[in-house]
Amino acid sequence: MIKRCLTKLPWILPIALLGVLIIFGFMPKPVEVDLAEVTVGPLEVTVNDDGETRIREKYIVSAPVVGKLLRMQLDAGDEVQQNVTELAHIQPSPPQLLDVRTQAECEARWHAAEASLEQAEAKLRSEKEALEMAQHDYDRARNLRPKNAISQAEFDIADHRLRIAQANIRSAESGIKVAQFELEHCRAAASRYDVNGDTVSQKPFKLVSPINGHVLRVFKEDAGVVAPATPLLELGDPHDLEIVIDVLSTDAVNIKLGDKVYIDHWGGPETLLAEVRVVEPSAFLKVSALGVEEKRVNIIADFVDPWSRRKTLGDGFRIEARIVIVTTGDATRKVPSGALFRDGDAWKLFRVTDGVAELCTVVPGESSGWDTEIKSGVSEGDIVVLHPTAKVQHGIRVTEAN
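This is how it looks when you write it as structure tokens:
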């Protein structure tokens, strides 16, 4: 009997091995899944949106007068000092060019004004001579009148002539002033050239920096004639930055003054910290990249970190902000949000125990988008399945994916 079994053993072993392999092949294999652990710690609920930096106080320097702006010597980024740095120089506007006939008429009026001035000066000298004569007659009449050598009428005539001579002097002096004004007017009419044909020198008007800071933009660099209120430069202090974040109005109602703000993806290696200073009371309409009209609200935040940590940031730089609106306690149980899914009206997840998936009903709380608070249903240290697929069912064996 034993000898017969030994002769059949070479056939029995392959058949048994084949049967084992067939049974093993039909056995269900563990489903590969991603796993995560239920942890305990604080949870921050944030409103995430893009924003930009801006200098809190900007100054646009404009031309205060009409004139010829000399070429700008400052460039964007140059440092300026209050009441020291000269920003721009504006020369008085040159008079209009004169044609030959107009220039000849101006020169003729100029010479006529000079002649009128000479005439007025000559008249003043004549009136001064008349005044001396009238003064001499008056002095003599005043000495003779007490002796009754002349009549009262003759004395009054001498006094009258003196007063007339004095009035004539004042009139002649006024005539000289009028002649001088007329001569200046003629000179101004032809002020493009002096009597020798040389250009008249003009002192420029200087614009001085009103603040300590830097030049942000130069609006007009080349020389040219400018009108009053023409923008020339924009100044600001890059140290004095604030952040503007536009969020949906439905999110803005949950943001309070003093809320913490995390600044990410601004170009530096670290996350910066800021604080909400203003929630603007008025919303505005903005069209999203998908063409959806949205009501958005500007949130203004101030940096908490010192300037030395963010000195490469400038005006108008893009940032990504996370505004913290809720912070839970240190004993908060939380799981990655990808582990949760809806089943009817309930929230559920798969908990893994000894390699077997177990469907659990949980009560979620606050969510940050990445993590979600779990009020009941799982405990700290439990292992849960992330992003379960349709292959994951209650009671099925699972294994962690490589």
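For the sequence shown, my numbering assigns the number 3 to the initial residue and increments by one for each residue that follows.
For glycine and all other residues, C-beta sits at the position ideal for the given N, C-alpha and C.
- Boundaries of the alpha helix (DSSP H) around L133: 102-146.
- The residues A160, D161, L164, in chain order, have a CB closer than 7 Å to that of Y140 in the same chain once the five nearest residues on each side in sequence are set aside.
- Within the model, the alpha-carbon separation for A174 versus Q182 is close to 12 Å.
- The C-alpha of L243 lies about 22 Å from the C-alpha of R298.
- The continuous beta strand (DSSP E) containing D345 extends over residues 343-345.
- Shown here for V63: same chain residues with a beta carbon closer than 7 Å to its own, the five before and five after excluded, namely L89, L209, L234, L235, L237 in chain order.
- Taking one beta carbon from each stretch, the segment 56-76 and the segment 269-286 have fewer than 3 pairs nearer than 8 Å; the two do not touch.
- Annotation for S369: the continuous beta strand (DSSP E) segment containing it runs 358-369.
- Look at V63 here: in three-state DSSP terms it is strand.
- When beta bridges are read from the DSSP output, F319 appears opposite no residue.
- Nearest to E107 by alpha-carbon distance, out of A348, N85, C188, is C188.
- Shown here for D304: same chain residues with a beta carbon closer than 8 Å to its own, the five before and five after excluded, namely E244, I245, A276, E277, R279 in chain order.
- Inter-segment contact for the segment 349-356 and the segment 322-333 is absent: fewer than three beta-carbon pairs are separated by less than 8 Å.
- Around the CB of L292, fewer than 16 other CB atoms lie within 10 Å, so the residue is classed as exposed.
- In this structure, the CA atom of E54 is about 29 Å from the CA atom of P44.
- Distances from the alpha-carbon of Q75 to those of E59, N214, A136, I92 put I92 closest.
- Judged by beta-carbon spacing, G69 lies within the 8 Å limit of V228, meaning their Cβ atoms are closer than that value.
- Taking all protein chains in view, the Cβ of T374 is crowded by 16 or more other Cβ atoms within 10 Å, so the residue is classified as buried.
- Secondary structure at A38: strand, using DSSP grouped into helix, strand and coil.
- C-alpha of A117 to C-alpha of R219: approximately 55 Å in a straight line.
- DSSP, read as helix, strand or coil, puts Q75 in coil.
- In summary, H138 is exposed, with fewer than 16 beta-carbon neighbours lying within 10 Å of its beta-carbon over all protein chains present.
- A254 and I265 have their C-alpha atoms some 18 Å from each other.
- A distance below 8 Å between beta-carbons, with the five flanking residues on each side excluded, links E156 to the following residues of its chain, in chain order: A143.
- The Cβ-Cβ distance between S211 and Q121 does not fall below 8 Å.
- V35 and V47 have their C-alpha atoms roughly 28 Å apart.
- Spanning the alpha carbons of G340 and E368 requires a straight line of approximately 14 Å.
- V42 is a Cβ neighbour of R335, given a cutoff of 8 Å.
- Rounded to whole angstroms, A136 and E184 show a C-alpha spacing of 31 Å.
- Annotation for R311: G270, E272, L274 place their beta carbon closer than 8 Å to its own, counting only its chain and skipping 5 residues before and after.
- Straight-line spacing of the CA atoms in V394 and F343 works out to 13 Å.
- Of the other Cβ atoms in all chains shown, 16 or more fall within 10 Å of the Cβ of W268; this residue is therefore buried.
- If you draw a straight line from the Cα of N214 to the Cα of A78, it comes to about 14 Å.
- One alpha carbon belongs to E295, the other to F286, and they sit about 10 Å apart.
- As computed with DSSP, T48 is found in a beta bridge with V326.
- Comparing C-alpha distances from V365 to each of R399, D356, I376 shows the shortest one belongs to I376.
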